[in-house]
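*Asks:* Each residue of the sequence shown is one higher than the one before, starting from 6 at the first, in the working numbering.
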Amino acid sequence: MEKKILKSFRLFRFAGINISHYSAMVLLLGAAVLTASCTETDSVNSGNVTTDEIMDFVDDQVRLLVSETDAAIERNPEGRRGPRVNSRGIRADSLFLISSRDWTSGFMPGMLWYMYEYTGDDHWLGEARRYTAPIEREKTNATTHDMGFKIYCSFGNGYRLTAEPHYRDVIIEASNTLITRYNPTVGAIRSWDHNRDRWDFPVIIDNMMNLEMLFRATEMTGDSVYYDIAVQHARTTIAEHFREDNSSYHVIGFNPETGEVMQRHTHQGYAHESAWARGQAWGLYGFVMSYRFTGLPEFLEQAEKIAEFILDHPRLPEDLVPYWDFDAPDIPDVARDASAASITASALYELSTMVNDKSAYYKQMADDMLASLYNNFRSPDGGNLGFVLGHSTGHHPHGYEIDTPLIYSDYYFIEAALRKERLESR
Ligand code: GLY
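1) Looking only at its own chain, which residues have a Cβ that is under 6 Å from the Cβ of MET294, when we skip the five neighbours before and after it?
2) Below 8 Å between beta carbons: does that hold for GLY121 and LEU130?
3) Shortest alpha-carbon distance to SER72 belongs to which of GLU141, LEU100, GLU58 and ASN380?
4) Which residues end up in the neighbourhood of the ligand GLY when you take C-beta atoms closer than 6 Å to any of its heavy atoms?
5) By a C-beta neighbour count over all protein chains shown, 10 Å radius and 16 as the cutoff for buried, is GLU224 buried or exposed?
6) Candidates ALA77, PHE112 and PHE314: which alpha carbon is nearest THR349's?
7) Identify the continuous beta strand (DSSP E) that holds GLY94 and give its terminal residues.
8) Could you compute how far the alpha carbon of ARG221 sits from the alpha carbon of ALA280?
9) Exposed or buried, which one is PRO385 when buried takes at least 16 other CB atoms within 10 Å?
10) Please report the straight-line C-alpha distance between GLY300 and GLY153, rounded to a whole angstrom.
11) Starting from GLY274, follow its DSSP beta bridges and name the residues at the other end.
12) Roughly how many angstroms separate the alpha carbons of THR242 and THR271, rounded to a whole number?
13) Around the C-beta of PHE17, are 16 or more other C-beta atoms found within 10 angstroms, so that it is buried, or is it exposed?
14) For SER196, which residues in the same chain have their Cβ closer than 6 Å to its Cβ, ignoring the five residues on either side in sequence?
15) Under 8 Å by Cβ, that's how I've got TYR413 and SER344 pegged, so tell me the actual separation to the nearest angstrom.
16) Which residues bound the beta strand (DSSP E) around PRO207?
17) Kindly list the residues whose CB is nearer than 8 Å to the CB of GLU355, restricted to its own chain and excluding five residues on each side of it in sequence; keep chain order.
18) How long is the line joining the alpha carbons of VAL191 and PRO261, rounded to whole angstroms?
19) Following the continuous alpha helix (DSSP H) through LEU423, name the residue where it begins and the one where it ends.
20) In the DSSP assignment, the alpha helix (DSSP H) including PHE154 goes from what residue to what residue?
21) For ASP415 and LEU394, which I take to be in contact (beta-carbon distance under 8 Å), what is that distance rounded to the nearest angstrom?
22) Considering just the uninterrupted stretch of the alpha helix (DSSP H) at ILE78, what are its terminal residues?
23) Near THR148, which residues of its chain fall below 8 Å by C-beta distance, leaving aside the five closest residues on each side in sequence?
24) When we look at the beta-carbon of HIS246 and count the other beta-carbons within 10 Å, is it buried (16 or more) or exposed?
25) Using a Cβ-Cβ cutoff of less than 6 Å, which residues in the same chain neighbour PHE112 once the five nearest sequence positions on both sides are dropped?
26) Which of the three DSSP states, helix, strand or coil, is assigned to ARG135?
27) For ARG269, I'd like the list of residues in its chain whose CB is within less than 7 Å of its CB, leaving aside the five on either flank, ordered along the chain.
28) Would you mind working out which of HIS396, ASN162 and SER364 sits nearest PRO327, comparing C-alpha positions?
29) How about the stretch 73 to 89 and the stretch 52 to 63: do they share at least three Cβ pairs that are nearer than 8 Å?
30) So, for GLY163: in the same chain, excluding its five sequence neighbours on each side, which residues have a beta-carbon less than 8 Å away from its beta-carbon?
31) For VAL38, which residues of its own chain have a beta-carbon under 6 Å away from its beta-carbon, when the five flanking residues on both sides are left out?
32) Quick check on DSSP: helix, strand or coil for ARG221?
33) Alpha carbon to alpha carbon, what distance is there between LEU428 and ASP107?
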């Protein structure tokens, strides 16, 4: 009963989608369409797993992950790159602990915020606050584009759920740090500082994900500087990252003085001309989210093109969880990337609220993907040291994190489950 009341209360602040301005109109329209189309397609459109079922399992796993992480950090608190703050995955049968500098440091706090959001339980509020605090030092780290992943998943969710002024200040400071990496000649935010011998000014498709924090910073401050940079970055990405078939390159190397494209490369995919699975998912999510904030049709159009590339791909397995690269040699005998499916499912739920004609289709694909992840790719009960899913692939070309739990896979899986419930409780 208490859970049900909390669910109604949560309705308009759910799973990263805040209803405001333009978005309210789009989401309400989407809800009407979804309601109509669900009636027609209920038998195939419901997925065979509920958010409650998923979250019961997640609750047990995440409690274990927190206790394992606390114990491992206590045994080994200092890392090469600073104090250890949380877990990224499993290596050599042990938790792989990270410092706040790691690009994945925001996901575990973010998951704990989702646990709080779903349950309304103060236990999770306390854990979310505890795991969020050590990420703050990243707000002035200007050496990376990963600020959104780190600060927005942690402090952003925290602010969304608590409206705590300090969290807002951290997000604004982090946004000010991130925009120092923007180059107006290129029209994009620089992604990496490593591998300078290969790229002068690399911009990776993943970088679309960091724009959410900038859009929010404009909403929080009324200063359009963050919004303008985010829009230009997304436009440059459309212009330079995509191929004829709507798949994307991973890395575009620009000349920072002229804005000219120097390289079209991969770093984590199979080949420069291949379609790295998680890259396609980052692009989809990034353009769906950019449309949420801007209402610009070009972003929705790009999102739908990416969705079509993924969902219609002849090498997308029947269970809808992609191989680590759509062009990997030796398919089907290669590793999957469950994280690509988690990110895609979450994005498809939101995309289903933005269109009329394909709303029911996107929702059904998201349901099927989520159900497949839960039924076929989840950890054994109490297994994988508390990670929710197994079978993700982090960096195949470098030979690590292959067919293994990864924290961002869990984060987007939980987000997707919460978005499913939000759509269905309208
Ligand atoms: N953003 C890095 C990755 O997707 O592996």
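For each residue, glycine too, the CB sits at the ideal point set by N, CA and C.
*Replies:* Judging by the given coordinates:
1) GLU217
2) The question names Gly, but residue 121 is Tyr in the sequence shown. Yes, the pair counts as a contact, with Cβ atoms nearer than the cut-off.
3) LEU100
4) TRP108, ASP211, GLN273, ARG283 and GLY399
5) exposed
6) PHE314
7) 87 to 96
8) 30 Å
9) exposed
10) 21 Å
11) Per DSSP, none; premise fails for GLY274.
12) 15 Å
13) Low per-residue confidence applies at PHE17: pLDDT is 36, beneath 50, and the placement is therefore not dependable, though the value from the model is reported in the following sentence. By the neighbour-count rule (16 or more Cβ atoms within 10 Å), PHE17 is not buried but exposed.
14) HIS150, PRO207, VAL208, ILE209 and ASN212
15) 6 Å
16) 206 to 209
17) ILE22, VAL293, MET294, ARG297 and ARG424
18) 6 Å
19) 412 to 429
20) Counting along the chain, PHE154 falls outside any alpha helix (DSSP H), and DSSP gives it neither H nor E.
21) 6 Å
22) 56 to 80
23) ASP198
24) buried
25) CYS158, ILE412, TYR413 and TYR416
26) helix
27) TYR254, ILE257 and HIS277
28) HIS396
29) no
30) PRO114, TRP118, ALA133, ARG134, THR137, GLU169 and TYR172
31) Because the pLDDT of VAL38 is 38, which lies under 50, any placement of that residue in the model is unreliable, and the number read from its coordinates should be weighed accordingly. ASN361 and SER364.
32) helix
33) 33 Å
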